[in-house]
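One structure below.
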Amino acid sequence: MKHLIYAFAVTCLLVTSLYSQEKEQVGSAYFQAVDEYKVKNYNKSIELVKSLLTDGKSSYEFYALLAFNYDKLNDFENSYKNMLEARKRKVDDEDLLQASLAILTRHKKWKPAIELAEKTIPLYPQNPEVRYFYALALSEKGASKTALSQIEKAKAGSPNDFRMLELEGKIYYNLKNYDKADVSLRWASSLNQNSAEIWNNLALVQESLFKTNKKLGKKSQANTYLAEAKDCIRKASDLNGESNTIKENSKRIVALNDL
Numbered sequence: 001m002k003h004l005i006y007a008f009a010v011t012c013l014l015v016t017s018l019y020s021q022e023k024e025q026v027g028s029a030y031f032q033a034v035d036e037y038k039v040k041n042y043n044k045s046i047e048l049v050k051s052l053l054t055d056g057k058s059s060y061e062f063y064a065l066l067a068f069n070y071d072k073l074n075d076f077e078n079s080y081k082n083m084l085e086a087r088k089r090k091v092d093d094e095d096l097l098q099a100s101l102a103i104l105t106r107h108k109k110w111k112p113a114i115e116l117a118e119k120t121i122p123l124y125p126q127n128p129e130v131r132y133f134y135a136l137a138l139s140e141k142g143a144s145k146t147a148l149s150q151i152e153k154a155k156a157g158s159p160n161d162f163r164m165l166e167l168e169g170k171i172y173y174n175l176k177n178y179d180k181a182d183v184s185l186r187w188a189s190s191l192n193q194n195s196a197e198i199w200n201n202l203a204l205v206q207e208s209l210f211k212t213n214k215k216l217g218k219k220s221q222a223n224t225y226l227a228e229a230k231d232c233i234r235k236a237s238d239l240n241g242e243s244n245t246i247k248e249n250s251k252r253i254v255a256l257n258d259l
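Under UniProt numbering, the first residue of the sequence shown carries the number 1, and numbering increases by one thereafter.
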């Protein structure tokens, strides 16, 4: 679920502009390569695009498609190299800059992601995706408060994007602001009920709220949060029972007792 929005945008980027041209100009191989990408035959898609380049055909879409294929194969070097080639052919294009940030953050290249986002935001200040990737990179580098300000701006443009709320919740959790983390992650879970990571993170927040209320002697509130923490970690386990992190959290939370 996490990358469905990005995947849809990728497909539109690869196909829409070329459909305005005659198919014969680029050859059916490109459109076949897009189809191969969509069904996860990434190596075959790469082979088809490279055959076009060998034949002397060149377009920013070709390099973008290569970049997306290599990204799916977890080959950052070739992915980003081809994305740069695409951007040389369509300088400062919003979709390509956004896709570049997606690749950088997926491969945890936080510093270059921050640098690129800071160049991109003045060009496209209303783009919530760019601000989301910027906030993600900032949070990973410890700039939590700046990341939160960027998330607020991103949410203004995309208020029901669960990724924004999930990231916001994680940042508040790291800042030990459990009440705000609880609000953000509850909202995220209502928008995406099939994310094991969201349910796991919400369970951690509610576990912390249980412990906080326990220290304050608020027995009823503490027990309510504990029950919710156990319910959330159960949902996370049902969705991804193979995760060692979820297994460890589940074992600890389930062992906690009511007051």
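Each residue gets a CB set at the ideal place from its N, CA and C atoms; glycine is no exception.
- For Tyr132, the secondary structure class from DSSP, reduced to helix, strand or coil, is helix.
- With 16 or more neighbouring CB atoms inside 10 Å of its own CB, Gly169 falls in the buried class.
- In the three-state reduction of the DSSP assignment, Lys109 falls in the coil class, being assigned neither a helical nor a strand state.
- The count of Cβ pairs closer than 8 angstroms, one atom from the region 98-109 and one from the region 62-74, reaches three, so the stretches are in contact.
- Counting other Cβ atoms within 10 Å of its Cβ, Ser190 stays below 16 and is therefore classed as exposed.
- Taking the CA atoms as reference points, Arg163 sits about 41 angstroms from Asp55.
- Taking the CA atoms as reference points, Arg89 sits about 51 angstroms from Asp231.
- Per the Cβ contact rule, the region 199-210 is in contact with the region 242-259 (3 or more Cβ pairs under 8 angstroms).
- Every alpha helix (DSSP H) of 4 residues or more that sits fully in the region 27-56 is shown, in chain order, as 28-38, 42-54.
- Within the region 141-186, the complete alpha helix (DSSP H) segments of 4 residues or longer fall at 144-157, 162-174, listed in chain order.
- Annotation for Ala227: the continuous alpha helix (DSSP H) segment containing it runs 219-239.
- For Ser250, the uninterrupted alpha helix (DSSP H) run begins and ends at 244-254, by DSSP.
- Glu129 sits away from Ala147, with the two beta carbons spaced by 9 angstroms or more.
- When secondary structure is reduced to three states using DSSP, Val91 falls in the coil class, being assigned neither helix nor strand.
- Using a Cβ distance threshold of 9 angstroms, Ala196 and Ala227 do not count as a contacting pair.
- In the displayed model, Ser190 falls within a helix according to three-state DSSP.
- Residue range 60-72 is occupied by the alpha helix (DSSP H) that includes Asp71.
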